[in-house]
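Enquirer: A single structure is presented below for examination.
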Amino acid sequence: MSLRETIFILFSLCLGFILQYLPLADFMSWFVPQWVLMIFIFWQIQKPKLINFWWVWPIGLLLDVQQSDFLGTSVVALACVLFVLQMMYQRLRVFNVAQQTLVIFLLICSFELVSYWALILVDDVNKPLSLWLPALISALVWPWLYLLLSSMSHRLR
Amino acid sequence: MLLVDYSLFYLHFPCIVAVRRFKKDQAIKSPVEISPLRASRLVGILILSLSLMWLDSHSQIFKPVRSALGYVLYPLHQISSAPSVLIDWFGDSAKSRQQLIAENAELSARNLILGQKIQRLISLETENSELRELLGASDRIGERVIVVELVAVDPDPFSQQIVINKGLEDGVFMGQPVLDSHGLMGQVIDVLPHSSRVLLIADSNHAIPVQINRNGVRAIAVGSGKLNELNLVYVPDTADIKEGDLLVSSGLGGRYPRGYPVASVATVEHFPGKAFAVVKAIPSAHLDRSRHMLLVFSDKVSNVPPQSLWQVK
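Heads up: the protein sequence lines correspond to chains A and B, in order. Here my numbering is used: position 12 in the first sequence is 12, and no number is missing along the way. Here my numbering is used: position 75 in the second sequence is 1075, and no number is missing along the way.
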């Protein structure tokens, strides 16, 4: 059972990478939720036994190559998000949709902020911080993603 | 009788609520025992990844790792660009015969005009090289190009970058100039096995040395962050520059080849009391519309010079 679930988790993460790279029309260019991060958070909430901190490395490095940041930027941020999540995932499960959405918003904000701090720490970049928009769009998408993935994982069981 | 019925209903009502509450409580699962990420481990990961970032920003030793991860991402990118490829194919195959005939006629007419221009170009090139020989200057070296296609546009609103469909395996290198049929577009800044990332000339982190085609006055065109605007910096107030002047690449930085159109001057403003004029230009290349681009291979344009030469520290 665990093997099937692991394969399903890997499959959904691949789907996240595909969605994150999807070429969009100009008027939709602001619509870029952090798909991979949200799927990672979902599996951390649902199946905390399967996701441990080793997952942070491949996912983070792939995200960095995709966005052509320095290798390791997303790893730093993902590790911080994972640390916070592991303290509160049991509470997150019983939250209702609005509360969950708010927590996801804050988590993705902190992801963006931590990776920005890491970039500044390593090399002085003068790129403005796009913090609000990805977090807001992701939080809006979260309820639907949660419903979809949880129904699929229930069917898998 | 009626009264009794109502009372029964009211008696049942709290029960229903209680049952609902009970169901909601049951949804809470028993806590799962996991070994949480300990703070010491988190600090270990942070130190490791920060040092990885530092190494990656200061040396090239992780280039193979990057290209290996690029191979992993390649099939995913292919899948994600499938819809747009499919739409393009469908659009092409659904064109009517009339449209195709009209397009064919237009293309052959343009081909004729271009062929005639090339005939003149050959004679002009030989004449040019003869004159250069007379002057004792070195000959201009011929340039080889490959056609590339746009795959994705970076969604980050603060950077103007695009992704093209040729990479390391096609010989693309860092710093390679990219142009479309109207002018210079930008340069390659990251190379993966089958794709590479291009920084457009309109990005606010990009600058290109240019000169005015009419009289050869040199300037530097800095991206404004908007796709349809470049700023010319450090243009003296007295310099001979007018609206409509064509700016071509001067080749002085050693990065771009000489003589390709970059932009045309849109506005020139003089402020009394300031040393420099405020000049704005519109890029010649269709930065927001071109789907097909050319990558230039020329001997003048080489790989990026070693960092010790251009890093200011």
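Where is the CB? At the ideal position from N, CA and C, for every residue including glycine. From a predicted model like this one, the values you see are computed outputs, not experimental measurements.
Residue 1296 of chain B by DSSP, collapsed to three states: which one?
Expert: Walking along the second sequence from the start, residue 1296 of chain B turns up at place 296. Residue 1296 of chain B falls in the strand class under three-state DSSP.
Enquirer: Going along the chain, which residues of its own chain have a beta-carbon closer than 8 Å to the beta-carbon of residue 1264 of chain B, five neighbours each way excluded?
Expert: Mapped onto the second sequence, residue 1264 of chain B falls at position 264. Only 1244, 1245, 1246, 1247, 1281, 1282 and 1284 meet the Cβ criterion.
Enquirer: By the 8 Å beta-carbon criterion, what residues does the region 1052–1085 of chain B contribute toward chain A?
Expert: From the region 1052–1085 of chain B, only 1052, 1053, 1054, 1056, 1057, 1062, 1065, 1066, 1069, 1070, 1072, 1073, 1076, 1077, 1079, 1080, 1081, 1083 and 1084 have a Cβ closer than 8 Å to chain A.
Enquirer: Does any residue of chain B have a CB that is nearer than 8 Å to the CB of residue 17 of chain A?
Expert: Residue mapping note: residue 17 of chain A aligns to position 17 of the first sequence, counting from 1. Cβ-Cβ to chain B under 8 Å: yes for residue 17 of chain A.
Enquirer: Whole angstroms is fine: what's the gap from residue 121 of chain A's alpha carbon to residue 72 of chain A's?
Expert: Counting from one through the first sequence, the residue named residue 121 of chain A turns up at place 121. Counting from one through the first sequence, the residue named residue 72 of chain A turns up at place 72. Answer to the nearest angstrom: the Cα atoms are 13 Å apart.
Enquirer: Quick check on the burial criterion: 16 or more other C-beta atoms within 10 angstroms. Buried or exposed for residue 89 of chain A?
Expert: As a working note, residue 89 of chain A is residue 89 in the first sequence. Buried, since its Cβ has 16 or more Cβ neighbours within 10 Å.
Enquirer: Near residue 951 of chain B, what residues of its chain come up, given a Cβ to Cβ distance below 8 Å and the 5 sequence neighbours on each side ignored?
Expert: The first residue shown for chain B is 1001 and the last is 1313, placing residue 951 of chain B beyond what the model contains.
Enquirer: Checking contacts by CB at 8 Å: is residue 1203 of chain B closer than that to chain A?
Expert: By one-based count along the second sequence, residue 1203 of chain B stands at place 203. Chain A contact via Cβ: absent.
Enquirer: My output table needs one value for residue 1104 of chain B: the three-state DSSP class, helix, strand or coil.
Expert: For the purposes of this step, residue 1104 of chain B is taken as residue 104 along the second sequence, with counting starting at 1. Helix, per DSSP.
Enquirer: So residue 111 of chain A is in the alpha helix (DSSP H); what residue range does that whole segment cover?
Expert: Numbered from its first residue, the first sequence carries residue 111 of chain A at position 111. Counting along the chain, the alpha helix (DSSP H) containing residue 111 of chain A begins and ends at 97–122.
Enquirer: Within 7 Å: the Cβ of residue 60 of chain A and any heavy atom of the ligand SAM?
Expert: The model on display carries no ligand, and the ligand SAM is accordingly not part of it.
Enquirer: For the region 1113–1132 of chain B against the region 1042–1061 of chain B, are there 3 or more C-beta pairs whose distance is under 8 Å?
Expert: They do not touch, by the three-pair rule.
Enquirer: What are the boundary residues of the alpha helix (DSSP H) that includes residue 148 of chain A?
Expert: Here residue 148 of chain A is taken as the residue at index 148 of the first sequence, counted from 1. Its alpha helix (DSSP H) spans residues 132–156.
Enquirer: Three or more C-beta pairs under 8 Å: does that hold for the region 75–93 of chain A against the region 39–47 of chain A?
Expert: Yes: at least three Cβ pairs fall under 8 Å.
Enquirer: So, is the C-beta of residue 1023 of chain B closer than 8 Å to a C-beta in chain A?
Expert: By 1-based counting over the second sequence, the position of residue 1023 of chain B is 23. Unreliable placement is indicated for residue 1023 of chain B, whose pLDDT of 47 sits below 50; no coordinate value is reported for it.
Enquirer: Quick one, which residues of the region 96–125 of chain A are near chain B if we go by CB-CB under 9 Å, in chain order?
Expert: Here the close residues are 118, 119, 121, 122 and 123.
Enquirer: Output the distance between the C-alpha atoms of residue 1190 of chain B and residue 1273 of chain B, rounded to the nearest integer angstrom.
Expert: What you label residue 1190 of chain B is simply residue 190 of the second sequence in a count that begins at 1. What you label residue 1273 of chain B is simply residue 273 of the second sequence in a count that begins at 1. The alpha-carbon atoms of residue 1190 of chain B and residue 1273 of chain B are separated by roughly 43 Å.
Enquirer: Pull out every residue of the region 63–86 of chain A whose Cβ sits closer than 7 Å to any Cβ of chain B, in chain order.
Expert: From the region 63–86 of chain A, only 65, 66, 68, 70, 71, 72, 73, 75, 76, 79, 82, 83 and 86 have a Cβ closer than 7 Å to chain B.
Enquirer: Give the list of continuous beta strand (DSSP E) stretches no shorter than 3 residues that lie fully inside the region 1253–1300 of chain B.
Expert: The qualifying runs are 1261–1269, 1276–1283 and 1292–1297.
Enquirer: Quickly, what does DSSP pair residue 1218 of chain B with across the bridge? List them, please.
Expert: Here residue 1218 of chain B refers to the residue found at position 218 of the second sequence. For residue 1218 of chain B, which the question treats as bridged, DSSP gives the partners B/1211.
Enquirer: Just list the residues that DSSP pairs residue 1144 of chain B with in beta bridges.
Expert: Start at 1 with the first residue of the second sequence, and residue 1144 of chain B comes out as number 144. DSSP output for residue 1144 of chain B lists B/1297 as bridge partner(s).
Enquirer: 8 Å is my cut-off, CB to CB: does residue 1045 of chain B come that close to chain A?
Expert: Locating residue 1045 of chain B in the second sequence gives position 45, counting from the first residue. So, interface residue.
Enquirer: Starting from residue 1295 of chain B, find everything on chain A with Cβ-Cβ shorter than 8 Å and list it in chain order.
Expert: On the second sequence, position 295 is the one that residue 1295 of chain B refers to. Simply none; closest approach about 18 Å.
Enquirer: With a cut-off of 8 Å, does the C-beta of residue 53 of chain A fall near any C-beta of chain B?
Expert: Looking up residue 53 of chain A in the first sequence gives position 53. Closer than 8 Å: yes.
Enquirer: Who are the near neighbours of residue 1159 of chain B in its chain, counting only those whose CB is closer than 7 Å to its CB and skipping five residues on each side?
Expert: Taking the second sequence and counting its residues from 1, the one referred to as residue 1159 of chain B is at position 159. Closer than 7 Å at the Cβ level, and outside the excluded window around residue 1159 of chain B, lie 1203.
Enquirer: Would you please verify whether the beta carbon of residue 56 of chain A is less than 8 Å from any beta carbon of chain B?
Expert: Taking the first sequence and counting its residues from 1, the one referred to as residue 56 of chain A is at position 56. So yes, residue 56 of chain A belongs to the interface.
Enquirer: Residues of chain A with CB closer than 9 Å to the CB of residue 1200 of chain B, please, in chain order.
Expert: Position 200 of the second sequence holds residue 1200 of chain B. Under the 9 Å cutoff, chain A gives no residues; its nearest Cβ is about 14 Å from residue 1200 of chain B.
Enquirer: Which residues in chain A sit within 8 Å of residue 1050 of chain B, going by Cβ to Cβ distance?
Expert: Taking the first residue of the second sequence as position 1, residue 1050 of chain B is located at position 50. Simply 72, 76, 118, 121 and 122.
Enquirer: Smallest Cα separation from residue 134 of chain A: which of A/40, A/54 and A/35?
Expert: Residue numbering aside, residue 134 of chain A sits at position 134 when the first sequence is read from its first letter. Ranking the options by Cα distance to residue 134 of chain A, first place goes to A/35.
Enquirer: What would DSSP say about residue 87 of chain A, mapped onto helix, strand or coil?
Expert: For the purposes of this step, residue 87 of chain A is taken as residue 87 along the first sequence, with counting starting at 1. It is helical.
Enquirer: Nearest-angstrom Cα distance between residue 1205 of chain B and residue 1049 of chain B?
Expert: Position 205 of the second sequence, counted from the first residue, corresponds to residue 1205 of chain B. Position 49 of the second sequence, counted from the first residue, corresponds to residue 1049 of chain B. Cα to Cα, residue 1205 of chain B sits roughly 26 Å from residue 1049 of chain B.
Enquirer: Going along chain B in order, which residues have a C-beta closer than 7 Å to the C-beta of residue 146 of chain A?
Expert: Within the first sequence, the letter at position 146 stands for residue 146 of chain A. None at all; the shortest Cβ gap to chain B is about 14 Å.
Enquirer: For residue 94 of chain A and residue 101 of chain A, what's the separation of their Cα atoms in angstroms?
Expert: Within the first sequence, numbered from 1, the residue matching residue 94 of chain A stands at position 94. Within the first sequence, numbered from 1, the residue matching residue 101 of chain A stands at position 101. If you take the alpha carbons of residue 94 of chain A and residue 101 of chain A, they lie about 13 Å apart.
Enquirer: Indicate whether at least one CB of chain B lies closer than 8 Å to the CB of residue 149 of chain A.
Expert: As a first step, residue 149 of chain A is located in the first sequence; it is residue number 149 there, counting from the start. Answer no: the Cβ-Cβ gap between residue 149 of chain A and chain B never drops below 8 Å.
Enquirer: Please classify residue 21 of chain A: is it buried, with 16 or more other beta-carbons within 10 angstroms of its beta-carbon, or exposed?
Expert: By 1-based counting over the first sequence, the position of residue 21 of chain A is 21. Buried: at least 16 other Cβ atoms inside 10 Å.
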